[in-house]
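At position 33 of the sequence shown (counting the first as 1) the number is 33 in the UniProt record's numbering, and the numbers step up by one without a gap.
What follows is a single structure, written as structure tokens, with notes after it.
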Amino acid sequence: MSINLKDVSGSKISKNNGDCAACGRSTLKSSLIKSSDRSQSCEKLRREQDTFWIQCDHCDCWYHGRCVNVEEYESALIEKYHCERCAITQGPTISYYDSFIDGFEFLVKKALLDHRYAFDDISQQNEPTQIGTKRFIDEFKKTSEQIPIALSEFVQPPKLVADLSWVHKFWPQNKKDSTPVSAMITSRTVFNEHLRAKPEVELFCLVGMKDSYTDFHIDFGGSSVWYHVFKGRKVFYVVAPLERNLQAFSNYQNMANRTEVFFGDLIAPGQLFKVIINEGETLMIPSGWIHAVWTPCDSLVFGGNFLHSLNIEMQLRIYEMETSLETEDRFMFPSFELVNWYAAVSILSKFKEANLHGTIIDGWLLTGTKALLVSLKRWISRDEVKN
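Written out as structure tokens, the structure is:
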């Protein structure tokens with residue numbers, strides 16, 4: 001199904017229903033905020049959760065808020081939203097202000113409440129305090145000292161992770177100090193704007209209730225996993241990342257009745273294995289392994305994800321699978337392509353050093369580098385087309 005939208009010249013642009021007019025992704029909407037009544041008007045189309053969309057008041061195109069740099073909370077301050085295309089002829093987005101600007105009087109939404117997102121809706125004055133409002137922050141500050149010290153000061157990933165992880169090598173490990181970037185990547189190479197793009201996925205605390213179950217999945221970006229059972233017990237059902245199994249998993253992800261099908265029934269006999277992790281034991285999951293997890297008793301686990309040089313080819317294989325399946329960004333390895341670009345710089349220096357000293361590059365690194373080169377070229381071509 002398509003809808004017709006007018007561009008600035010008055011001609012028609014055909015857009016598929018559900019597409020973001022900026023990125024073109026067909027990710028589906030859940031909450032479509034209309035500027036005519038942003039505080040109350042909301043079309044609920046039960047599709048993607050937690051994704052904010054905003055509609056241009058002139059051409060009626062829908063956009064992901066993140067694609068046009070508009071946060072959901074900012075929509076309450078917008079009277080009329082104009083997309084970049086329409087702003088050329090209709091002028092910029094019109095916001096509510098509380099003063100005269102350049103001789104023009106602007107309307108204002110009075111802040112009547114300090115504990116609700118709809119700060120101008122007096123009918124909500126007796127409603128509970130919402131997280132993130134001024135009143136919440138004020139109360140939070142009073143009790144913040146009672147919150148225990150961060151677990152990260154007591155728990156750290158295994159040394160193996162620190163030795164292998166690209167993120168650990170390329171980014172400072174403490175944002176508050178002046179920790180130098182690894183010698184593999186000089187501080188001149190790690191741009192300041194990339195410091196905030198550091199993937200914070202190497203250390204998680206996972207609280208699992210008895211009989212909880214996580215269905216079959218591959219950890220994002222083909223990342224490897226360290227998984228330590230501090231209390232309790234975990235049972236893994238694992239499938240090796242053979243090509244036929246990966247293809248079966250990709251098909252499984254596209255099944256309309258996926259929640260009614262056990263993935264283990266879709267693979268050849270002898271391909272599914274059971275691994276029991278007892279209290280005090282640590283599991284290392286290699287890149288690309290398909291796995292499900294059952295929790296037989298209340299459990300507390302520390303774990304994390306990391307990319308490295310030992311299986312670049314598989315990491316890229318899983319990333320391409322995620323891309324083809326149109327996996328939401330929030331379920332993908334953060335800054336995956338950026339991390340791989342920094343890895344490429346690091347690997348290049350290794351090759352230069354090997355040529356200088358006449359040493360031989362390990363076969364696994366040579367294979368991974370060839371795969372990485374193909375992906376880098378493809379990403380460059382893709383971005384050139386977009387631009």
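Where is the CB? At the ideal position from N, CA and C, for every residue including glycine.
Scanning its chain for C-beta atoms nearer than 7 angstroms, with the 5 sequence neighbours on each side dropped, one finds around N278 the residues V229, R233, in chain order. Inter-residue distance for K141 and I131 is about 13 angstroms (C-alpha atoms, whole angstroms).
Secondary structure note for W226: its beta strand (DSSP E) is the uninterrupted segment 224-231. As the crow flies, the alpha-carbon of F273 is around 36 angstroms from that of Y342.
Going by beta carbons, A371 and I290 fall outside the 8 angstroms limit. Membership of A240 in any alpha helix (DSSP H) is not indicated, and neither H nor E is assigned to it by DSSP. In terms of Cβ geometry, E202 and N305 form a close pair [threshold 8 angstroms]. In chain order, F52, W53, I54, E71, E72 place their CB closer than 7 angstroms to the CB of G65, counting only its own chain and leaving out the 5 sequence neighbours on each side. Counting along the chain, the unbroken alpha helix (DSSP H) around I380 starts and ends at 363-386. Closest in alpha carbon position to S212, among A268, T359, E79, V235, is V235.
Distance from the CA of G270 to the CA of Y237, rounded to the nearest whole angstrom, comes to 12 angstroms.
Look at W166 here: in three-state DSSP terms it is helix. Assignment of beta-bridge partners to C205 by DSSP yields F302. The C-beta distance from D114 to T133 rounds to 6 angstroms, short enough to fall under 8 angstroms. Contact annotation: G280 and G222 have beta-carbon atoms that are not nearer than 8 angstroms. Residue environment: P128 is assigned as exposed (fewer than 16 neighbouring CB atoms within 10 Å of its CB, all protein chains considered).
Looking at the backbone, the Cα of P296 and that of F263 are separated by about 20 angstroms.
Selection V155, N251, V374 evaluated against C205 yields V155 as nearest (Cα-Cα). Fully contained in the stretch 257-316 are the following beta strand (DSSP E) runs of length 3 or more, in chain order: 272-278, 282-285, 290-294, 299-306. For Q90, the uninterrupted alpha helix (DSSP H) segment begins and ends at 84-90. Between Q315 and L325, the CB-CB gap reaches or exceeds 8 angstroms.
The C-beta separation of H82 from C56 comes to about 6 angstroms, placing the pair in contact by the 8 angstroms criterion. Counting only the Cα atoms, A22 lies some 8 angstroms from V68. The Cβ neighbour count for V161, taken over all protein chains shown within 10 Å, is at least 16; the residue is labelled buried. With respect to W226, P286 sits apart: the two C-beta atoms are not nearer than 8 angstroms. Per DSSP, reduced to three states, the secondary structure at H217 is strand. When the five nearest sequence neighbours on each side are left out, the beta carbons in the same chain lying within less than 8 angstroms of the beta carbon of A197 are those of P334, S335, L338, in order along the chain. Scanning its chain for C-beta atoms nearer than 6 angstroms, with the 5 sequence neighbours on each side dropped, one finds around I347 the residues T369, in chain order.
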